[in-house]
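Chains as they are written, first to last, in the numbering used here: chain A, 1 to 399; chain B, 1001 to 1422; chain C, 2001 to 2295. All residues carry an ideal CB built from backbone N, CA and C; glycine is no exception.
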Amino acid sequence: MLNTSRLTIFTLLALVLCLPAFPEPAEGTPAAPQKTDVSNDCSPCHRTSNPSADDLLPAAKCRRSRTNENLDEATPEQPEVVIMDQLTDLYVPVVFPHKLHAGMEAIGSGCSACHHHGEEGKIVTCRTCHEKTNDPGNLQRPGLKGAYHRQCLACHREWSHDTDCIFCHAKRGAIAGAESKGNADPTDITGKLHPNVAVPDKTVYPTPEQEAGSMVTFHHKDHVELFGKHCADCHQKENCSRCHDSAGPQKHVRQDSHEDCVKCHDTSDNCAKCHKDHETGTFDHNKSTVFELKDFHKQLACTKCHKEGKFALGKKNCKDCHEANWFPSKDFDHTKTGLVFSEAHKDNECEACHPNGLGEAPDCSACHDDRKYPKDQPGERTSTAPETPSDEKAPVETK
Amino acid sequence: MSEHAQPVSLRRGLMTPGVLILSCIALAGLAAAAYRFVFGLGAATNLTNQYPWGLWIGVDVASGVALAAGGFTSAAVAHIFHRHKYEVLVRPALLTAMLGYTFAVIGLMADLGRYYNIWHPLWPTMWQGNSVLFEVAMCVTVYLNVLYIEFMPIVCERFIGHVNLPGPLKSLNRPIDALLRLVHGTLAKIMFLFIVAGVVLSCMHQSSLGSLLLIVPYKMSPLWYTPIMPLLFLLSAFAAGFAMVVFESLLASWTFRRKPEIVVLSSYSRFVALFVGVYGVARLSDLMIREAWGGAFAGDGTSFMFLAEIGFGIVLPFALLLSAKGRRSPAVLLIASALVVGGVLLNRINVFLVAFKPPYAQTPYFPSVPEILVTVGLVATLVLAYRVCVTLFPVLPVEEHETLGEAKTAKKRRPAQAGSHA
Amino acid sequence: MGISTLDRRQFLCRAGVAGLAGMTLSEPALAAADEVGGYGVLVDTTECIGCRKCEFACSQSNKLTELPLEAFEDRSVFDQPRRMTADAYTVVNRYGDTAGAVKPTFVKAQCMHCLKPACASACLVGAIRPQANGAVTYDPWKCMGCRYCMVACPFQVPAYEYDHALTPKVSKCSFCFERVSQGGKAPACVDICPPMCLTFAKRSELLGLARAKIKAHPEQYLDHVYGEHELGGTSWLYLTSRPVTELGLMEFGEKPIPEYTEPLQHGIFKHGVPPMLLFGLLAVAMKMFDSKEDK
Chain A
1 MLNTSRLTIF TLLALVLCLP AFPEPAEGTP AAPQKTDVSN DCSPCHRTSN
51 PSADDLLPAA KCRRSRTNEN LDEATPEQPE VVIMDQLTDL YVPVVFPHKL
101 HAGMEAIGSG CSACHHHGEE GKIVTCRTCH EKTNDPGNLQ RPGLKGAYHR
151 QCLACHREWS HDTDCIFCHA KRGAIAGAES KGNADPTDIT GKLHPNVAVP
201 DKTVYPTPEQ EAGSMVTFHH KDHVELFGKH CADCHQKENC SRCHDSAGPQ
251 KHVRQDSHED CVKCHDTSDN CAKCHKDHET GTFDHNKSTV FELKDFHKQL
301 ACTKCHKEGK FALGKKNCKD CHEANWFPSK DFDHTKTGLV FSEAHKDNEC
351 EACHPNGLGE APDCSACHDD RKYPKDQPGE RTSTAPETPS DEKAPVETK
Chain B
1001 MSEHAQPVSL RRGLMTPGVL ILSCIALAGL AAAAYRFVFG LGAATNLTNQ
1051 YPWGLWIGVD VASGVALAAG GFTSAAVAHI FHRHKYEVLV RPALLTAMLG
1101 YTFAVIGLMA DLGRYYNIWH PLWPTMWQGN SVLFEVAMCV TVYLNVLYIE
1151 FMPIVCERFI GHVNLPGPLK SLNRPIDALL RLVHGTLAKI MFLFIVAGVV
1201 LSCMHQSSLG SLLLIVPYKM SPLWYTPIMP LLFLLSAFAA GFAMVVFESL
1251 LASWTFRRKP EIVVLSSYSR FVALFVGVYG VARLSDLMIR EAWGGAFAGD
1301 GTSFMFLAEI GFGIVLPFAL LLSAKGRRSP AVLLIASALV VGGVLLNRIN
1351 VFLVAFKPPY AQTPYFPSVP EILVTVGLVA TLVLAYRVCV TLFPVLPVEE
1401 HETLGEAKTA KKRRPAQAGS HA
Chain C
2001 MGISTLDRRQ FLCRAGVAGL AGMTLSEPAL AAADEVGGYG VLVDTTECIG
2051 CRKCEFACSQ SNKLTELPLE AFEDRSVFDQ PRRMTADAYT VVNRYGDTAG
2101 AVKPTFVKAQ CMHCLKPACA SACLVGAIRP QANGAVTYDP WKCMGCRYCM
2151 VACPFQVPAY EYDHALTPKV SKCSFCFERV SQGGKAPACV DICPPMCLTF
2201 AKRSELLGLA RAKIKAHPEQ YLDHVYGEHE LGGTSWLYLT SRPVTELGLM
2251 EFGEKPIPEY TEPLQHGIFK HGVPPMLLFG LLAVAMKMFD SKEDK
């Protein structure tokens, strides 16, 4: 019934809402995601197909699920838009951006959220069941007009609090698009069609019961902008109105507090990694890792080095770009690697220890018969920089 | 039948300063009324959808009818129960009642949105017997006519033998005289019917005025809303009726510089005390039984009005009238009767305006200037009309030992014509 | 005793004539809407979005104002609670949640069309009458403008055209009586309601619908159909998610308002007997006191 469907609808339309009266869409309107790269198709939500921190749309705090194309594949026959013109006297028909809504299916509960009461696996249109007027024989089933409005408004009134008719309908007799948002670019769903979402830069979670530290600083912004996390990576089974209702409390309630973190972080031990007695600063590639980003690397997209979400990199990764015989300049400050050379080693040529190449592990055998790296080291390890670039699973860098 | 104090017309000059002032007030009221009829209720009154009844209903109609109760109470005492010593009080009371009801209807006309439909309740196809207001309307209409009939003998008395139409109408003098005599003779035989009917009708509509607001159980302060509102209205009407006669008689004596009928009045005031007492007991025991004391000491305007009504309208005058000594003092009598009259007036105002707490009301009701002007103007006109009537018609009794002289010239001994006495 | 049997009979006869003139007719209570046959409207306040289209349709259908559609799109009116006026038979109000929860509730107000209407009981000329189809209608030609109906209405519904100097009318929802009479056509407001939160049907069916809705969604509705029993029942019924007192509706008992006055009226004035008895009693008293005095 309506109400169960309402709950599911909340879930369905988690991130993006946009139900303006779009103009008649031309063939191949950009609302149709052009599938270029299966893993990274961001075009429905972003202007670029490969967004980076530089190239994100300014307001793009949330992105669609990366899995929406599965829906396209599963239901190739789904309409791009649906023009609802069955009932029009005061207002022009509504052009319902069906695909845009359906694209959010992945973070919701599927097509049946709206296409309720249908046979399992079969999609029926609203008007199949809902008559134009109330059915006197079944008062519980509203007429088509009621069905449309209730379906849309169940979610829309929840978060936008905007139930003005012209939010969706252009008025009859009015100049087309003058009052409605009909001329908007259907792909530009943020900021204009979709209200900006207030996303916290960081959230400090008090963890008084935790011995290792009384708080966890979660840098939401870093996770989104630097580590490339999509909203739906963490926000799943969300109630839209929880975020979208400006009047309501914005809470993300988890069953288990580590539920979202464990997808990337190992929380089984090393509690102190996150639980600290003070707030931590944002991620800084230069400070938190051994690899200082200088002029050139700063400009790179994170994914240039950190492919497929892999953040733990070895020197080998450099060779993806650099020639095999590439090596850093002579003024390379080896202390950046967390190793301060002892006096004896300070003036060595690079090749003296790295005969197989600068990206490779050092070999002590040229001078020492009884020493072997990494058991024996040519200096002192500093605590500031770990031996390996970062925590095994920790995300790293963009620029 | 006692032979003392025959009523005569007062032959005195009408143009006194008091009359002039009253005339000015009446004219202002007339202007306000004209404003209301030309521009409508919205322009003239502060009535709202939440407060559809205001000063005109609360004071002009409801209070007017209550204060005009003297007509039937005095008639009942003097004629039905044959306390003939009170007959001197009957005619002024009758005149007050007649004028009071007439002006209540005039006030009602101002309040009615479609005043020209005021006859509708009399039209059988529109009768709606479930309505309390229908009963009130019927009773008041009939009673008003009864009052006119009861007053007819006084008119007859005045004109029989004195019909003197000028000029060409002269030929009508004799037939009119004959007609007057016929009416007078007939009425004398059947007057008892009208007297009894007047009492019955009064009891009915005085109580029904109290039933009017029984229909708003959710809108009235529990200090006033009670199922026995009809009974309380009837009892308070009795009290007001008796008190009004005393008050008016003393006032008239003072105005016309005559000696107050203190013997009659002091005896008559026992009825005031009786009914104020009964009314007070009924009122207070009802509050006790319903345990509705709650709001009485809340300290707000409503509780203040309630306490004022009980204290000054019931307890104080009752205390004043308890002592025989007090009843013999014109001053005490005047104050006590004024308090009772004022108390009943306050009660009607409280019931219709103060206790009425409609939901969704954003601003409380307070009468507008035109509303007040019309009400005050009506009262002024009523007093003027009273003044004119006592001048024209034999209403006020002549004193046995007229000392203030002026009325002497007008003294005309007639055969006993109680007029309203069969 | 001074009167003979004959005298008394004559006397009572005369008394009867006089008594009749003043007595109240004790006709049976006005034919109220048949509880089964009458129509009603179920207002589902949980579905109302406050679009004010009902106000627009009502205004158009009843020719109350010339206001264009745009005038009804102004949502700033919700800042203040409104009541019906001479120009508006219905208004929608917004009731924010005192607890600061998710969304406000919109509640349409109009004449409830009581099954036992206080206004009709109050009207002394029968200008307001409950009709068999559930509507409580008003006939301005009978009306004399006493506004007792406005005093009587427990829901504080009727408004008055105070600004009309000559022919002011009581103004209140007529349940689109003409439309409803045409084979059960729905009122204008019901027809236009976009989310169809107004359901027009026989009152008995609506109660079934309301019960079914409550049963299906106990989390959405309070288990109470406002108007089912209130004051003897109303043709318009409300489903709410919050206590009605939070939504600008008053709580009432089940006793119909007319029963506060009519039994008394009919009791005191039953067939004119009590007044005539009083008449007779007083007349007898009059004679008795007179004859006493004569002796």
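Could you work out which residues of chain C lie near B/S1211, taking near to mean beta carbons separated by less than 8 Å?
T2261, L2264 and Q2265, listed in chain order.
For C/T2045, tell me which candidate among C/A2283, C/Y2238, C/R2083 and C/M2084 has the shortest Cα-Cα distance.
Closest option to C/T2045, Cα to Cα, is C/Y2238.
Under the three-state reduction of DSSP, which class applies to A/P249: helix, strand or coil?
Here A/P249 scores only 48 on pLDDT, less than 50, and its place in the model is too uncertain to base an answer on.
Could you have a look at C/M2196 and say whether DSSP puts it in helix, strand or coil?
C/M2196: coil per DSSP, three-state reduction.
For a test of the three-state rule: what should DSSP assign to B/V1142, helix, strand or coil?
Here B/V1142 sits in helix by DSSP.
Below 8 Å on the Cβ atoms is my contact criterion, and I expect C/K2053 with C/C2193 to pass it. Report the Cβ-Cβ distance as a whole number of Å.
About 6 Å; that satisfies the 8 Å criterion.
Go ahead and label B/N1049 buried or exposed: buried means 16 or more other beta carbons lie within 10 angstroms of its beta carbon, across all protein chains shown.
Answer is buried; the Cβ neighbour count reaches 16.
Compute the distance between the beta-carbons of C/F2177 and C/A2186, then report whether it is under 8 Å.
Against a cut-off of 8 Å, the Cβ pair of C/A2186 and C/F2177 comes out as no contact.
Between the segment 2093 to 2123 of chain C and chain B, which residues of the former have a C-beta closer than 7 Å to a C-beta of the latter?
Within the segment 2093 to 2123 of chain C, the residues whose Cβ lies closer than 7 Å to some Cβ of chain B are A2118, S2121, A2122 and C2123, listed in chain order.
Counting pairs of beta carbons, one from the segment 1212 to 1225 of chain B and one from the segment 1250 to 1258 of chain B, are three or more of them closer than 8 Å?
Flag = no, the segment 1212 to 1225 of chain B and the segment 1250 to 1258 of chain B do not touch.
Quick check on B/I1190: buried or exposed, where buried means 16 or more other Cβ atoms within 10 Å of its Cβ?
With fewer than 16 other Cβ atoms within 10 Å, it is exposed.
Tell me which same chain residues have a C-beta within less than 6 Å of the C-beta of B/A1188, skipping the five on either side of it?
Contacts found: none.
Sorted by chain position, which residues of the same chain lie with C-beta nearer than 6 Å to A/K229's C-beta, five sequence neighbours on each side aside?
Excluding sequence neighbours, A/K229 sits near H223.
I'd like to know if the segment 2269 to 2281 of chain C and the segment 2165 to 2174 of chain C are in contact, where contact means that at least 3 CB-CB pairs between them fall below 8 Å.
No contact exists between the segment 2269 to 2281 of chain C and the segment 2165 to 2174 of chain C.
My output table needs one value for A/S342: the three-state DSSP class, helix, strand or coil.
A/S342: coil per DSSP, three-state reduction.
Looking at chain C, which residues of the segment 124 to 138 of chain A have a Cβ within less than 9 Å of any of its Cβ atoms?
Under the 9 Å Cβ criterion, the segment 124 to 138 of chain A contributes T133, N134 and P136.
Which of helix, strand or coil does DSSP assign to C/L2239?
Strand.
For B/L1108 versus B/V1059, is the C-beta distance shorter than 8 Å?
In this structure, B/V1059 does not lie closer than 8 Å to B/L1108 by Cβ.
What in chain C is Cβ-close to B/C1203, meaning under 7 Å?
Going along chain C in sequence order, the residues near B/C1203 (Cβ under 7 Å) are L2278.
Taking Cβ positions only, does C/Q2131 come closer than 8 Å to chain B?
Chain B, which has no Cβ nearer than 8 Å to the Cβ of C/Q2131, makes this no.
Give me, in chain order, the residues of the same chain whose beta-carbon lies closer than 8 Å to that of A/K221; leave out the 5 immediate sequence neighbours on both sides.
V199, P200, D201, K202 and T282.
Buried or exposed, going by whether 16 or more other CB atoms sit within 10 Å of the CB of C/N2133?
C/N2133 is buried by the Cβ-count criterion.
Step through the CB atoms of chain C and report whether any lies within less than 8 Å of the CB of A/P93.
No, A/P93 does not count as interfacial toward chain C.
Three-state secondary structure (DSSP) at C/E2055?
C/E2055: helix per DSSP, three-state reduction.
First and last residue of the beta strand (DSSP E) that includes C/A2109?
It spans T2105 to A2109 - the beta strand (DSSP E) in which C/A2109 sits, taken as one unbroken run.
Suppose the cutoff is 6 Å on Cβ atoms and the five residues either side in sequence are ignored; what does the same chain contact list for A/S39 look like?
Caution applies to A/S39, whose pLDDT of 38 falls short of 50 and renders its modelled position unreliable; the model cannot decide the point.
With a threshold of 8 Å between beta carbons, is B/R1114 in contact with chain C?
Yes, its Cβ sits closer than 8 Å to a Cβ of chain C.
Under a Cβ-count criterion, where at least 16 other Cβ atoms within 10 Å of its own Cβ denotes burial, should C/G2038 be classed as buried or exposed?
By the 10 Å Cβ count, C/G2038 comes out buried.
Would you check if the segment 1170 to 1181 of chain B and the segment 2206 to 2214 of chain C touch, i.e. whether three or more CB-CB distances between them fall below 8 Å?
Contact fails: fewer than three Cβ-Cβ distances are below 8 Å.
Which bits of chain A does C/L2237 rub up against, with CB to CB less than 7 Å?
Under the 7 Å cutoff, chain A gives no residues; its nearest Cβ is about 12 Å from C/L2237.
Tell me the start and end of each unbroken alpha helix (DSSP H) in the segment 1116 to 1194 of chain B that is at least 4 residues and wholly inside, in chain order.
Those alpha helix (DSSP H) runs which fall completely within the segment 1116 to 1194 of chain B and span 4+ residues are 1132 to 1159.
List the residues of chain A that C/P2195 touches, going by C-beta distances under 7 Å, in chain order.
Going along chain A in sequence order, the residues near C/P2195 (Cβ under 7 Å) are G146, H149, R150 and L153.
Taking the alpha-carbon positions, what's the A/H219 to A/C274 distance?
Taking the straight line joining both Cα atoms gives about 11 Å.
Check whether the Cβ of C/C2176 lies closer than 8 Å to any Cβ atom in chain A.
Not one chain A Cβ lies under 8 Å of C/C2176.
Let me see if you follow: with CB-CB separation under 8 Å, is C/C2051 close to chain D or not?
Within the model displayed, chain D is absent; protein chains A, B and C are what it includes.
Using the beta-carbon count (16 or more within 10 Å), is B/N1130 buried or exposed?
When all chains shown are included, B/N1130 counts as buried.
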